[in-house]
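So the sequence lines, in the order shown, correspond to chains E and W.
Under the numbering used here, residues 1 to 300 are what the first sequence spells out, in order.
Under the numbering used here, residues 301 to 568 are what the second sequence spells out, in order.
Worksheet: the structure to be examined is printed underneath.
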Amino acid sequence: MDKTINQKAWFLVLPVFLVVAFSAVLPLMTVVNYSMQDTFGNNQFFWNGVGWFKELLDPSTDLGGRFLASLGRNLFFSAVILAIEVPLGIIVALSMPREGWSVAACLVILALPLLIPWNVVGTIWQIFGRPDIGLLGYVLNHLGLNYNYVSNEVDAWVTVIVMDVWHWTSLVALLCYAGLKSIPDAYYQAAQIDGASRWAVFKAIQLPKMNRVLLIAVLLRFMDSFMIYTEPFVVTGGGPGNSTTFVSIELVKIALGQFDLGKAAALSLVYNLIILIVCWVFYTVMVNAGSERPAKEGAA
Amino acid sequence: MHSIPGRRLIMALFLTFLLLPIYWLVNMSFKTNAEIVSTMTLWPHTPTLQHYKRIFTDESWYSGYINSLEYVVLNTIISIAVALPAAYAFSRYRFLGDKHLFFWLLSNRMAPAAVYALPFFNLYSAIGLFDTPWAVALAHCIFNVPLAVWILEGFVSGVPREIDETAFLDGYSFPRFFIKILVPLIASGIGVAAFFCFMFSWVELLLARTLTSVQAKPIAAIMTRTVSAAGMDWGLLAAAGVLTIIPGALVIWFVRNYIARGFALGRV
Numbered sequence: 001m002d003k004t005i006n007q008k009a010w011f012l013v014l015p016v017f018l019v020v021a022f023s024a025v026l027p028l029m030t031v032v033n034y035s036m037q038d039t040f041g042n043n044q045f046f047w048n049g050v051g052w053f054k055e056l057l058d059p060s061t062d063l064g065g066r067f068l069a070s071l072g073r074n075l076f077f078s079a080v081i082l083a084i085e086v087p088l089g090i091i092v093a094l095s096m097p098r099e100g101w102s103v104a105a106c107l108v109i110l111a112l113p114l115l116i117p118w119n120v121v122g123t124i125w126q127i128f129g130r131p132d133i134g135l136l137g138y139v140l141n142h143l144g145l146n147y148n149y150v151s152n153e154v155d156a157w158v159t160v161i162v163m164d165v166w167h168w169t170s171l172v173a174l175l176c177y178a179g180l181k182s183i184p185d186a187y188y189q190a191a192q193i194d195g196a197s198r199w200a201v202f203k204a205i206q207l208p209k210m211n212r213v214l215l216i217a218v219l220l221r222f223m224d225s226f227m228i229y230t231e232p233f234v235v236t237g238g239g240p241g242n243s244t245t246f247v248s249i250e251l252v253k254i255a256l257g258q259f260d261l262g263k264a265a266a267l268s269l270v271y272n273l274i275i276l277i278v279c280w281v282f283y284t285v286m287v288n289a290g291s292e293r294p295a296k297e298g299a300a
Numbered sequence: 301m302h303s304i305p306g307r308r309l310i311m312a313l314f315l316t317f318l319l320l321p322i323y324w325l326v327n328m329s330f331k332t333n334a335e336i337v338s339t340m341t342l343w344p345h346t347p348t349l350q351h352y353k354r355i356f357t358d359e360s361w362y363s364g365y366i367n368s369l370e371y372v373v374l375n376t377i378i379s380i381a382v383a384l385p386a387a388y389a390f391s392r393y394r395f396l397g398d399k400h401l402f403f404w405l406l407s408n409r410m411a412p413a414a415v416y417a418l419p420f421f422n423l424y425s426a427i428g429l430f431d432t433p434w435a436v437a438l439a440h441c442i443f444n445v446p447l448a449v450w451i452l453e454g455f456v457s458g459v460p461r462e463i464d465e466t467a468f469l470d471g472y473s474f475p476r477f478f479i480k481i482l483v484p485l486i487a488s489g490i491g492v493a494a495f496f497c498f499m500f501s502w503v504e505l506l507l508a509r510t511l512t513s514v515q516a517k518p519i520a521a522i523m524t525r526t527v528s529a530a531g532m533d534w535g536l537l538a539a540a541g542v543l544t545i546i547p548g549a550l551v552i553w554f555v556r557n558y559i560a561r562g563f564a565l566g567r568v
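Structure follows, in structure tokens:
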């Protein structure tokens, strides 16, 4: 669709600009300000230049070591949950019933985990996984597996990952389902006439049609898993040791726990920058994918 | 729609996987603490309502629900109100810096809450909004406004441009066109956007907890505090958890027919 050039449109955007600038730009400036200074309490600040940034990116210092370790853990976590949730989400979307009341029922149950406050998600899994009172922990331990997410690193990781799969696969599934719904029946009839196999239908019709929603899904899941805080914090508290301490948990520890404002601010900026870059790459890919599509292709 | 072999089984397994932990929470909320700790039972053998009763009679508990709902509703209203005109502008016009502005908005949706916790604390303390629902509502705008703009833009783009032109030819002023014609046309889109704002504001805890202390404390924060203070009152914790699931479940039920479309952010 052609858009007309109209600078007055800025007036329509102004409220959004003001609201978001108030809650984004002002705090960000505070962060930049802190990141260049050191504080010894009592609101006394000293100029520290890029000192914090140097320390942050140098793995031999305490700060740098902690940051890079949590960053590595976080990237690994994001990769694992993307590798599980995206294929699983597609499979679930393909398994949706076709019509009738069961569609609504499935949709409601699928969406349920998405609307549970994040710390309650943590609480649910904390209880569910406990060997003494939780169903999962109890059953696993009675099957002879020595499962305990409080003391065993691998168990803690498995719990956090399964929890995330439980929490967010529905989002991928619902997105894919929306993409599948937009495919006209004529496509399937044509495929049937051509005698296409089930796999061919998936590869030639369904997957290309899900392209855009899948990109949105991957984008959202990457971002949200990269800033995950509440759920693992409630379940494992970042432990055992530091084994499930992700970047956000580390950041909150430094900022609100130790009140090391300079370090926390420097970490925030680098963290934000990483997310911004990834976001920009995804966004560019998405916009390009959108514009390559023929303009008039069925669904609105 | 073509489906895959064994789809009923896959769906059943997945839904069981989703419901089992929730069932366990509900199950525990009806048990006495003695039963929880001493035996492993698949359903409450001595069902009790004591935990729910305590939450509904103790003000420090139920006020948390009211506080949470207060800032969630405030945030939803603010987000939709400012996002509507912007969505229209992004959908219909080209203007200086539009693409950059759109990306900047989206990038805020992706900013980690942990980064903003401390500066928000300073900012809202400085302007005297700390510990009010307004502080949380405004803070949540940082991720909800961009999302609302994004969703609504998709829905506005689905409205043919001829409708605008006809309305203006008929002598509608812009505000009148907006309220009388455009808003009813994208009502389902507004519903979807409101649902998402509600959802993300309702589930967020880090900012809500940082920006409140006593007066506006959200239920989620009250849960963490009381549990650590009273040792482990599992039954009470489970009951409080169950009650936080209910508003979400109700909202889903109302928008169930739009969920799928909304999750594709109006642009499938």
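Every residue, glycine too, gets a C-beta built ideally from N, C-alpha and C.
| task | Could you tell me if Phe265/W is buried or exposed, where buried requires 16 or more neighbouring beta carbons within 10 angstroms of its beta carbon? | result | Because chain W is modelled from 301 through 568, residue 265/W falls outside the range shown and cannot be assessed.
| message | What would DSSP say about Thr466/W, mapped onto helix, strand or coil? | response | Sequence index remark: in the second sequence, residue 466/W carries index 166 (1-based). Looking at Thr466/W - three-state DSSP - the assignment turns out to be helix.
| Does Phe430/W have its Cβ less than 9 angstroms from a Cβ in chain E? | Position 130 of the second sequence, counting from 1, holds the residue named residue 430/W. Residue contact with chain E for Phe430/W: absent (no Cβ-Cβ distance below 9 angstroms to any residue of chain E).
| Should Thr466/W be flagged as near chain E, meaning a C-beta pair shorter than 9 angstroms? | The count along the second sequence starts at 1 and reaches residue 466/W at position 166. Chain E has no Cβ within less than 9 angstroms of the Cβ of Thr466/W.
| task | Would you decide whether Trp101/E is buried or exposed? Buried here means 16 or more other CB atoms lie within 10 Å of its CB. | result | Here residue 101/E refers to the residue found at position 101 of the first sequence. By the 10 Å Cβ count, Trp101/E comes out exposed.
| task | Express the C-alpha separation of Glu462/W and Leu110/E in angstroms, rounding to a whole number. | result | By 1-based counting over the first sequence, the position of residue 110/E is 110. By 1-based counting over the second sequence, the position of residue 462/W is 162. The straight-line gap separating the alpha-carbon atoms of Leu110/E and Glu462/W is approximately 38 angstroms.
| Simplified DSSP assignment, three categories, for Lys296/E | Counting from 1 along the first sequence, the entry for residue 296/E is found at position 296. Note that Lys296/E scores 39 on pLDDT, short of 50, meaning its location in the model is unreliable; the coordinates nonetheless yield the value given after this. Coil at Lys296/E, not helix or strand.
| field | Coil, strand or helix - Ile5/E by DSSP | value | The residue labelled residue 5/E in the question sits at position 5 within the first sequence. Correct three-state label for Ile5/E: strand.
| said: Please classify His400/W as buried or exposed, where buried requires at least 16 neighbouring CB atoms within 10 angstroms. | reply: By one-based count along the second sequence, residue 400/W stands at place 100. Residue environment analysis places His400/W among the exposed positions, since fewer than 16 neighbouring C-beta atoms fall within 10 angstroms of its C-beta.
| message | Between Phe314/W, Ser363/W, Ile545/W, Ala549/W, which has its C-alpha nearest Thr123/E's C-alpha? | response | In the first sequence, counting from the first residue as 1, residue 123/E sits at position 123. Comparing C-alpha distances from Thr123/E to each of Phe314/W, Ser363/W, Ile545/W, Ala549/W shows the shortest one belongs to Ile545/W.
| Pick from Leu511/W, Phe477/W, Leu325/W: whose alpha carbon is nearest that of Gly428/W? | On the second sequence, residue 428/W is found 128 positions in, with the first residue counted as 1. With distances taken between Cα atoms, Gly428/W lies closest to Leu511/W.
| Stretch-stretch touch, CB-based, cutoff 8 angstroms, three pairs: the region 375-390 of chain W with the region 220-232 of chain E | Because the criterion of three Cβ pairs below 8 angstroms is not met, the region 375-390 of chain W and the region 220-232 of chain E do not touch.
| Cut-off 8 angstroms between Cβ atoms - residues of its own chain near Phe500/W, not counting five sequence neighbours on either side | Working through the second sequence from its first residue, we reach residue 500/W at position 200. Non-local C-beta neighbours of Phe500/W in its own chain, meaning closer than 8 angstroms and more than five positions away in sequence, comprise His440, Phe443, Asn444, Leu447, ordered along the chain.
| said: Any beta carbon from chain E within less than 9 angstroms of Ile519/W's own beta carbon? | reply: Translated into positions along the second sequence, residue 519/W becomes position 219. Interface residue, yes.
| query | At a CB-CB cut-off below 9 angstroms, which residues of chain E make contact with Cys497/W? | reply | If you number the second sequence from 1, residue 497/W lands on position 197. By Cβ distance, chain E contributes nothing, its closest Cβ being about 12 angstroms from Cys497/W, past 9 angstroms.
| query | What residues in the region 100-111 of chain E bring their beta carbon closer than 8 angstroms to a beta carbon of chain W? | reply | Against chain W - using a Cβ distance shorter than 8 angstroms - the residues of the region 100-111 of chain E are Ala104, Cys106, Leu107, Val108, Ile109, Leu110, Ala111.
| Cutoff 9 angstroms: Gly72/E Cβ touching any chain W Cβ | Sequence index remark: in the first sequence, residue 72/E carries index 72 (1-based). Chain W, which has no Cβ nearer than 9 angstroms to the Cβ of Gly72/E, makes this no.
| field | Beta-carbon proximity list for Gln126/E, same chain, < 7 angstroms, skipping 5 on both sides | value | Counting from 1 along the first sequence, the entry for residue 126/E is found at position 126. Here the set comprises Val234, Val235.
| field | Short CB-CB distance (under 9 angstroms) between Thr30/E and chain W | value | For this step, residue 30/E is matched to residue 30 along the first sequence. For Thr30/E, the nearest CB of chain W lies under 9 angstroms from its own CB, placing it at the interface with that chain.
| query | What is the DSSP secondary structure of Tyr393/W, reduced to helix, strand or coil? | reply | Counting from 1 along the second sequence, the entry for residue 393/W is found at position 93. Strand, per DSSP.
| Opening and closing residue of the alpha helix (DSSP H) in which Asn211/E lies | Here residue 211/E refers to the residue found at position 211 when the first sequence is read from its first residue. Its alpha helix (DSSP H) spans residues 207-226.
| query | Are the region 480-487 of chain W and the region 398-416 of chain W touching by the rule of at least three beta carbon pairs closer than 8 angstroms? | reply | Short answer: they don't touch.
| message | If the cut-off is 8 angstroms on Cβ atoms, which residues from the region 422-452 of chain W count as contacting chain E, listed in chain order? | response | Going along the region 422-452 of chain W in chain order, one finds Asn422, Leu423, Leu438, Ala439, Cys441, Ile442, Val445, Pro446, Val449 with a Cβ nearer than 8 angstroms to chain E.
| message | Tell me the rounded alpha-carbon separation between Leu135/E and Phe402/W. | response | Taking the first sequence and counting its residues from 1, the one referred to as residue 135/E is at position 135. Taking the second sequence and counting its residues from 1, the one referred to as residue 402/W is at position 102. If you draw a straight line from the Cα of Leu135/E to the Cα of Phe402/W, it comes to about 46 angstroms.
| query | Using a C-beta to C-beta distance shorter than 7 angstroms, which residues of chain E count as neighbours of Ser407/W? | reply | The count along the second sequence starts at 1 and reaches residue 407/W at position 107. Leu276, Cys279, listed in chain order.
| task | Report yes or no: do three or more beta-carbon pairs, one from the region 47-56 of chain E and one from the region 266-276 of chain E, lie closer than 8 angstroms? | result | Counting Cβ pairs under 8 angstroms, three or more are found: they touch.
| Beta carbon proximity, Gly364/W to chain E, threshold 9 angstroms | Numbered from 1 along the second sequence, position 64 holds the residue referred to as residue 364/W. The C-beta of Gly364/W comes no closer than 9 angstroms to any C-beta of chain E.
| query | So is Ala299/E buried or exposed if we call it buried at 16+ other beta carbons inside 10 Å? | reply | On the first sequence, residue 299/E is found 299 positions in, with the first residue counted as 1. Note that Ala299/E scores a pLDDT of 38, beneath 50, so its modelled location is shaky; the value from the coordinates is reported in the next line. Result: exposed.
| said: So, at 6 angstroms on beta carbons, what are the nonlocal neighbours of Leu320/W in its own chain, with the 5 sequence-adjacent residues on each side left out? | reply: Counting from one through the second sequence, the residue named residue 320/W turns up at place 20. The same chain holds no residue with a CB closer than 6 angstroms to that of Leu320/W once the five nearest residues on each side in sequence are set aside.
| message | Suppose you measure from the CA of Tyr424/W to the CA of Met340/W; what does that come to, to the nearest Å? | response | Your numbering for residue 424/W matches position 124 in the second sequence. Your numbering for residue 340/W matches position 40 in the second sequence. Computed Cα separation, rounded: 47 angstroms.
| said: Checking 9 angstroms against the spacing of the C-beta atoms, do Ala104/E and Arg308/W come in under that value? | reply: Taking the first residue of the first sequence as 1, we reach residue 104/E at position 104. Taking the first residue of the second sequence as 1, we reach residue 308/W at position 8. In this structure, Arg308/W does not lie closer than 9 angstroms to Ala104/E by Cβ.
| query | Does any CB atom of chain E fall closer than 9 angstroms to the CB of Asn557/W? | reply | By one-based count along the second sequence, residue 557/W stands at place 257. At least one chain E Cβ lies under 9 angstroms of Asn557/W.
| Shorter than 9 angstroms from the beta carbon of Gly238/E to some beta carbon of chain W? | To locate residue 238/E, count along the first sequence from 1; it is residue 238. No, no contact with chain W.
| Hey, does Tyr352/W have any beta-carbon neighbour from chain E nearer than 9 angstroms? | In the second sequence, the residue the question calls residue 352/W occupies position 52. Output row for Tyr352/W: interface = no.
| query | What distance in whole Å lies between the Cβ atoms of Ala173/E and Val92/E, which are believed to be in contact at a cut-off of 8 angstroms? | reply | To locate residue 92/E, count along the first sequence from 1; it is residue 92. To locate residue 173/E, count along the first sequence from 1; it is residue 173. Right, their Cβ atoms sit about 4 angstroms apart.
| field | Per-residue DSSP class, three states only, for Met301/W | value | For this step, residue 301/W is matched to residue 1 along the second sequence. Here Met301/W scores only 48 on pLDDT, less than 50, and its place in the model should not be relied on; the value that follows carries that caveat. The answer is coil: DSSP assigns Met301/W none of H, G, I, E or B.
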